[in-house]
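Inspection log for the structure reproduced underneath, given as structure tokens.
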Amino acid sequence: MSAEHSTEKRILMAMRKTLGKIIRDLTPSDSAVQYPLSDDTVEDVKKCFDLIAARERDLAQQAGLNVQDRPHFIDEERTTNIVSMQGLKKRAD
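Just so we're aligned, residue 1470 is where the sequence shown starts under the working numbering, counting upward by one.
Shown next as structure tokens:
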């Protein structure tokens, strides 16, 4: 990944985290309190998150990363079975 893409990735990550923190800070802890942002502003924020995610996917694809990879828990059951190739011998015909 080039330095330009690395910088762009860091900028996108910072924007996503900052936007998320702003939303968390503005969200009232009591559900009876009115949300301070208008519906239009909420939709604009959602569009911003969508654009950030789309660009992050583009950068990952350009870097040759599999965008379908997801983090896994250590104790999560594996869906694949890894077979060691070590010790296999050629069959004599």
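Virtual Cβ for every residue (Gly too), placed ideally from N, Cα, C.
Secondary structure at residue i, three-state DSSP: helix, strand or coil?
i, result
"residue 1552", "coil"
"residue 1485", "helix"
"residue 1547", "coil"
"residue 1474", "helix"
Could you pull out every residue in the same chain whose Cβ sits closer than 6 Å to the Cβ of residue i, ignoring the five residues on either side in sequence?
i, result
"residue 1567", "Nothing can be reported for residue 1567, as the shown portion of the chain is limited to 1470 through 1562."
"residue 1475", "none"
Quick one, which of the options has its alpha-carbon nearest residue i's?
i, options, result
"residue 1568", "1514, 1552 and 1529", "Outside the shown range of the chain, which is 1470 to 1562, sits residue 1568, and nothing can be said about it."
Near residue i, what residues of its chain come up, given a Cβ to Cβ distance below 7 Å and the 5 sequence neighbours on each side ignored?
i, result
"residue 1484", "1521"
"residue 1549", "none"
Taking residue i and residue j to be in contact with their CB atoms under 8 Å, please state how far apart those CB atoms are, rounded to whole angstroms.
i, j, result
"residue 1528", "residue 1478", "6 Å"
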